[in-house]
Structure formats: C-alpha cells, structure tokens
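Here's the structure, in structure tokens; my notes come after.
In my numbering, the protein residues as written are 19 to 125.
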C-alpha cells in the first residue's frame, strides 16, 4: 500500500485565475492592441500560474482555465473585428494565438 497526494487547485484558486485573466481583457482600449501585444501581456501571468499550480493531477482543472483563455481571446478578437457572433472564428483565433506565441497553462 502507498498513498499519493493529489494536489489540485481549489474553487477559490480557479476563481482567482479567471479573475486575473478577465482583468487583462476588461479594458475596451485593449481592442486597439494587436494580438502579439495581448499575448505579451498575458504570457507572464500564464507562466506564473503554470509554475505554481501545475502538478500531476491538476491537468483537468488547468485545462478549464486554458479553455477560458481561448474563449476570452475569441470574444476579444470578434469585438476587435466587429463580428456579431460570440464564439465564431474560434479555430482561427486558436491558430493566431499559437502563431503569436501564447503559452499553454497545461504545459
């Protein structure tokens, strides 16, 4: 017999991570920024969260944050390009963020 400790982010920590990401996208003036500038602003936050929370069993929780970041980028891009749909162009935005060098929180 042996025991393993499964450390995962708490609900409070998940809420705080989402709030940090939401804060980046909250200002309407950021619509004037390019994708590369947004990625440059967001990457240190993502890398810091990954370094702090990334454990063996935390991947499903961090995947939710990764999905949240992709949704936020998609909504930001659609507002920037004045598109009326919320999550259209999600695949295109995913490719653009990868090209811009967005870090992954899942590692």
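Note that the Cβ used here is the ideal one computed from N, Cα and C, for glycine as well.
Hey, quick one: how far does the alpha helix (DSSP H) through residue i stretch, first residue to last?
| i | result |
| --- | --- |
| residue 99 | Unbroken run through residue 99: none, as it is neither H nor E. |
Use the C-beta contact count for residue i: other C-beta atoms within 10 angstroms, 16 or more gives buried, fewer gives exposed.
| i | result |
| --- | --- |
| residue 95 | buried |
| residue 123 | buried |
| residue 80 | buried |
In three-state terms, what does DSSP make of residue i?
| i | result |
| --- | --- |
| residue 111 | helix |
| residue 66 | helix |
| residue 31 | helix |
| residue 19 | coil |
| residue 121 | coil |
| residue 26 | coil |
Using 8 Å as the threshold, is the C-beta distance between residue i and residue j below it?
| i | j | result |
| --- | --- | --- |
| residue 119 | residue 88 | no |
| residue 27 | residue 76 | yes |
| residue 64 | residue 121 | yes |
| residue 42 | residue 23 | no |
| residue 53 | residue 114 | yes |
| residue 50 | residue 97 | no |
Please name the residue, chosen from the options, that lies closest to residue i on a Cα-to-Cα basis.
| i | options | result |
| --- | --- | --- |
| residue 39 | 107, 78, 110, 85 | 85 |
| residue 109 | 125, 101, 92 | 92 |
| residue 68 | 32, 21, 115, 117 | 32 |
| residue 125 | 29, 73, 30 | 73 |
| residue 139 | 20, 116, 35, 19 | Lying before the first or after the last residue shown, residue 139 is absent from the chain, which here runs from 19 to 125. |
| residue 25 | 78, 62, 44, 37 | 78 |
Would you say residue i touches the ligand GTP, meaning its beta carbon is less than 7 Å from a heavy atom?
| i | result |
| --- | --- |
| residue 59 | Only the bare structure without any ligand can be found here, which leaves the ligand GTP out of the picture. |
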